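Numbering (the numbering used here), first residue to last: 27 to 142. Where a beta carbon is used, it is the ideal one built from N, C-alpha and C, also for glycine. Source: prediction; values computed, not measured. Right, one structure below, let's go through it.
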């Protein structure tokens with residue numbers, strides 16, 4: 027499952043540089059599929075949706091840091107545990123019960139994002 031950042035976030039930013047997929051953004055900041063990935067230009071996502079990886083996407087949160095579910099791999103393929111959760115001083119990086127995914131799905135996403 028993907029990780030979410032709860033409203034308890036204190037906006038310290040400790041999590042953002044730890045994400046190997048650049049899936050974490052500061053509240054109100056636009057995000058892009060290309061950020062921190064091998065994706066570029068028009069791409070077809072694993073769910074069949076076609077997107078422009080270079081195009082800015084609407085922020086998921088305006089208040090606190092947020093994680094883009096389609097870029098989160100729970101650090102599978104990079105680390106043994108989600109690094110955002112490991113460094114969060116207030117334990118607000120938690121599993122998202124609305125995005126339950128198995129390890130195979132997360133590793134497949136990691137390979138897709140990094141063209142492996």
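**Study point:** residue 77 in three-state terms, based on DSSP
**Key:** Locating residue 77 in the chain shown gives position 51, counting from the first residue. The answer is strand: DSSP assigns residue 77 an E or B state.
Check your understanding: Can you tell me whether DSSP reads residue 90 as helix, strand or coil?
Key -> Sequence index remark: in the chain shown, residue 90 carries index 64 (1-based). Looking at residue 90 - three-state DSSP - the assignment turns out to be coil, as it is neither helix nor strand.
Practice item. Would you mind giving the Cβ-Cβ distance between residue 29 and residue 120, rounded to the nearest angstrom? I have them listed as a contact below 8 Å. Key: On the chain shown, residue 29 is found 3 positions in, with the first residue counted as 1. On the chain shown, residue 120 is found 94 positions in, with the first residue counted as 1. Yes, they are in contact, since the Cβ atoms of residue 29 and residue 120 sit about 7 Å apart, within 8 Å.
Check your understanding: How many whole angstroms separate the CB atoms of residue 65 and residue 139, which I take to be in contact at a CB cut-off of 8 Å?
Key -> Taking the first residue of the chain shown as position 1, residue 65 is located at position 39. Taking the first residue of the chain shown as position 1, residue 139 is located at position 113. Indeed they touch by this definition, with Cβ atoms about 7 Å apart.
Point to revise | Outcome for residue 100 when other beta-carbon atoms lying within 10 angstroms are tallied against a minimum of 16 | key: Numbered from its first residue, the chain shown carries residue 100 at position 74. The residue in question, residue 100, is buried, as its Cβ has 16 or more Cβ neighbours within 10 Å.
Point to revise | C-alpha gap between residue 128 and residue 102, whole angstroms | key: Residue mapping note: residue 128 aligns to position 102 of the chain shown, counting from 1. Residue mapping note: residue 102 aligns to position 76 of the chain shown, counting from 1. Answer to the nearest angstrom: the Cα atoms are 11 Å apart.
Practice item. Grab the span of the alpha helix (DSSP H) containing residue 113 for me, first residue to last. Key: The residue you call residue 113 lines up with position 87 of the chain shown. Looking at the DSSP string, the run of the alpha helix (DSSP H) that includes residue 113 is 109–113.
Practice item. Count the C-beta pairs between the stretch 67–87 and the stretch 38–47 that are closer than 8 Å, then say yes if the count reaches three, no if not. Key: no
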